Amino acid sequence: MLIQLDLNMNDAQALLHHCNEYQPNSGDLREDARLKESLETLVAALGDAISTSHERVDSRETIDPQLLDAALRLFGDKERASEWLSRPMRALGYKSPKDAPIEEALTLIGRLEHGFGA
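Take the sequence shown: its position 104, counted from the start at 1, is 104 in the UniProt record's numbering, and no numbers get skipped.
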């Protein structure tokens, strides 16, 4: 079962902290064990979600604005441009344009704009 929560980073961190700190004490050992296991699962899922969203933010921040503008001009669509910038390219030594030297990535975009194959 997939549950999607729309939490901002502060909410997610607060929930993660609460789940880590909470100690079930209902008096029913089985129920407490089940709740503890559920909380541990939630902590793992929240931790993964938080680290993934940090990676996404970091990844976006590393794209040079000049490179992003050139890719947007080439593709005309932010989603397609972002996807292309993250895909490893043979012409760039199997690096993604955002990870390759900026001059090489811009040269590749220029070639594509003028109809030359990569």
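No residue lacks a Cβ here, since even glycine has one placed at the ideal position from N, Cα and C. Remember, it's a predicted structure, so these values are computed and weren't measured experimentally.
- The segment 23-40 makes no contact with the segment 67-75, as fewer than three CB pairs between them are under 8 Å.
- Apart from the 5 residues on each side of it in sequence, P97 sits with its Cβ closer than 6 Å to the Cβ of L85, A105 in its chain, given in chain order.
- In this model, F75 and F116 are separated by some 15 Å (Cα to Cα).
- In this structure, the straight-line span from the alpha carbon of A12 to that of N20 is close to 12 Å.
- Boundaries of the alpha helix (DSSP H) around K78: 78-86.
- Rounded to whole angstroms, L35 and R87 show a C-alpha spacing of 42 Å.
- The beta-carbon separation of L112 and A100, rounded to 14 Å, does not stay under the 8 Å limit for a contact.
- Excluding residues up to 5 positions away in sequence, P88, M89 lie with their Cβ nearer than 8 Å to the Cβ of K95 in the same chain.
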